[in-house]
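In full-length UniProt numbering, the protein residues as written are 1 to 474. By construction, the Cβ of each residue, glycine as well, lies at the ideal position given by its N, Cα and C atoms. Source: prediction; values computed, not measured. For reference, the structure discussed in these notes is given below.
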């Protein structure tokens, strides 16, 4: 009898423990949203309605299973399988190019609270109206583009006369880029391209009144956003390139194609290219003197890959409209449209963006001030540099020829400091500039100390010959 009672007690205790664990597991799985049950019971799918047959083996279930670990235990997955994750994966798998207002793939949660997730690739589907309007361009693109992608330069005859456009063409052809196209803006350049069997498309374009009196390169640069829209509305993705660029390798294999715009940065290191926490100092605020800001060097409007999405169409449309109405620099407007947030009556565009690898797509400040002085980085550039943009220096063509001589012809002294200073100033002028900067910094430091002294209510003696420089960054 004693043994029977003892055995019964042990069984009851074990049963209580098991029930308690099960309840705990149920509470954890319910509160965390982790999919601890069979994913096939979670969703039904429909491409045009919110309904669907209950208990279907849905695409969402298959997508969820892909996230499971090899052991078959859903909870051992590196990425928790949530209803939202599974729905999004399945929706992406079934998404197709669609226009605004088109039906999108929709999933509804059955067991949990209703979950609706819609996804659309956002890629442009050209309308018959646009295909008729841009029939000549489409005919050219059907011959030139590869996977609906094309490298495009917009130019008039002036860079050809100076030799820069010829160097751009030589680089592209040497790199084996077949899907390139020059949008010609005048008859002389069009004739040259025809005679030399160069891919081209003539596009009659007139600069707006606001841009008409700008310098030649800025005027052409402002017009390219009007032209870009034609390509995007036909569903073609464009790698836009200014002509002050040298191409060493085919750039297309280096693209990610996961955002609206992939652009060269004007930054010259990780912080400036990708952004950093920049602290603004106002001593007069006392305890709250330090305010944190986000700072990132701009995207360069002379070299970027833009996918044919509806957001991209809106982006180039806004930039073109802004430049038509105002005398402004296209690169500044390009970045304002990308970064400006919604406020008041203004609705921000918020396109998705990516910074191109700065050691594959390089601006001239990065190369001439950093890379050429570092043997390791220079050796790396010899292998990986695809395109170099001389955007920081006014002696563009001379530096382009120097880059060509070094990377293509193997002339190691072609990029020497003796030939090209880091910037555009002579050593003597550079020394004067540094002295002037030092005076400004010292004056600024004295002003900041004066503000701090006023904030605490007493005077601080500041030496008139203060020479300690103030760093730009903390």
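If you drop the 5 nearest sequence neighbours on each side, which residues of the same chain put their C-beta closer than 6 Å to that of residue i?
{"i": "residue 203", "result": "183 and 227"}
{"i": "residue 101", "result": "Because the pLDDT at residue 101 is just 42, under 50, the model does not fix this residue reliably, and the point stays unresolved."}
{"i": "residue 306", "result": "238, 261 and 312"}
{"i": "residue 244", "result": "390 and 396"}
{"i": "residue 200", "result": "182, 184 and 193"}
{"i": "residue 291", "result": "280"}
Can you give me the C-alpha to C-alpha distance between residue i and residue j, rounded to a whole angstrom?
{"i": "residue 273", "j": "residue 145", "result": "30 Å"}
{"i": "residue 363", "j": "residue 391", "result": "6 Å"}
{"i": "residue 138", "j": "residue 198", "result": "17 Å"}
{"i": "residue 336", "j": "residue 319", "result": "9 Å"}
{"i": "residue 417", "j": "residue 246", "result": "20 Å"}
{"i": "residue 141", "j": "residue 425", "result": "43 Å"}
{"i": "residue 269", "j": "residue 195", "result": "43 Å"}
{"i": "residue 185", "j": "residue 222", "result": "13 Å"}
{"i": "residue 285", "j": "residue 295", "result": "22 Å"}
{"i": "residue 382", "j": "residue 356", "result": "18 Å"}
{"i": "residue 440", "j": "residue 434", "result": "10 Å"}
{"i": "residue 432", "j": "residue 282", "result": "29 Å"}
{"i": "residue 404", "j": "residue 131", "result": "40 Å"}
{"i": "residue 351", "j": "residue 332", "result": "16 Å"}
{"i": "residue 148", "j": "residue 135", "result": "16 Å"}
{"i": "residue 276", "j": "residue 143", "result": "44 Å"}
{"i": "residue 400", "j": "residue 376", "result": "22 Å"}
{"i": "residue 126", "j": "residue 334", "result": "24 Å"}
{"i": "residue 224", "j": "residue 205", "result": "9 Å"}
{"i": "residue 372", "j": "residue 410", "result": "14 Å"}
{"i": "residue 187", "j": "residue 129", "result": "28 Å"}
{"i": "residue 164", "j": "residue 170", "result": "10 Å"}
{"i": "residue 302", "j": "residue 253", "result": "19 Å"}
{"i": "residue 436", "j": "residue 430", "result": "10 Å"}
{"i": "residue 168", "j": "residue 256", "result": "24 Å"}
{"i": "residue 271", "j": "residue 289", "result": "23 Å"}
{"i": "residue 378", "j": "residue 415", "result": "11 Å"}
{"i": "residue 310", "j": "residue 259", "result": "12 Å"}
{"i": "residue 158", "j": "residue 133", "result": "29 Å"}
I'd like the list of long-range same chain contacts for residue i, defined as Cβ closer than 7 Å, with 5 residues on each side in sequence excluded.
{"i": "residue 328", "result": "322"}
{"i": "residue 308", "result": "123, 124, 232, 235, 236 and 237"}
{"i": "residue 160", "result": "166, 189 and 192"}
{"i": "residue 348", "result": "340, 341 and 342"}
{"i": "residue 314", "result": "349"}
{"i": "residue 250", "result": "175, 176 and 177"}
{"i": "residue 380", "result": "359"}
{"i": "residue 162", "result": "397"}
{"i": "residue 304", "result": "240, 261, 262, 263 and 264"}
{"i": "residue 477", "result": "Nothing about residue 477 can be read from this structure; the chain reaches only from 1 to 474."}
Using DSSP's beta-bridge definition, name the partner residues of residue i.
{"i": "residue 238", "result": "150 and 306"}
{"i": "residue 183", "result": "154 and 201"}
{"i": "residue 433", "result": "Per DSSP, none; premise fails for residue 433."}
{"i": "residue 247", "result": "387"}
{"i": "residue 123", "result": "309"}
Quick one: is residue i near chain D, going by C-beta distance under 8 Å?
{"i": "residue 190", "result": "Absent from the structure is chain D; it holds one protein chain and no more."}
For residue i versus residue j, is the C-beta distance shorter than 8 Å?
{"i": "residue 389", "j": "residue 242", "result": "yes"}
{"i": "residue 266", "j": "residue 298", "result": "yes"}
{"i": "residue 175", "j": "residue 248", "result": "yes"}
{"i": "residue 180", "j": "residue 150", "result": "yes"}
{"i": "residue 386", "j": "residue 361", "result": "yes"}
{"i": "residue 369", "j": "residue 300", "result": "no"}
{"i": "residue 346", "j": "residue 384", "result": "no"}
{"i": "residue 317", "j": "residue 229", "result": "yes"}
{"i": "residue 240", "j": "residue 172", "result": "no"}
{"i": "residue 353", "j": "residue 263", "result": "yes"}
{"i": "residue 420", "j": "residue 443", "result": "no"}
Would you say the beta carbon of residue i is closer than 7 Å to some non-hydrogen atom of the ligand FMN?
{"i": "residue 189", "result": "As for the ligand FMN, it is missing from this structure, which has no ligand bound."}
Considering only residues of the same chain and omitting the five flanking positions on each side of residue i, which have a CB-CB separation below 8 Å?
{"i": "residue 278", "result": "292, 293, 294, 295 and 473"}
{"i": "residue 338", "result": "261, 299, 315, 349, 351 and 353"}
{"i": "residue 413", "result": "419"}
{"i": "residue 427", "result": "421"}
Exercise. Counting only runs that start and end within the stretch 251-298, where is the beta strand (DSSP E) found for 3 or more residues in a row?
Worked result: 261-265, 276-281 and 290-295
Exercise. What beta strand (DSSP E) runs, 3 residues minimum, are completely inside the stretch 375-422?
Worked result: 387-389
Exercise. Mind pulling the alpha helix (DSSP H) runs of 4 or more residues that sit fully within the stretch 287-364?
Worked result: 310-325 and 330-339
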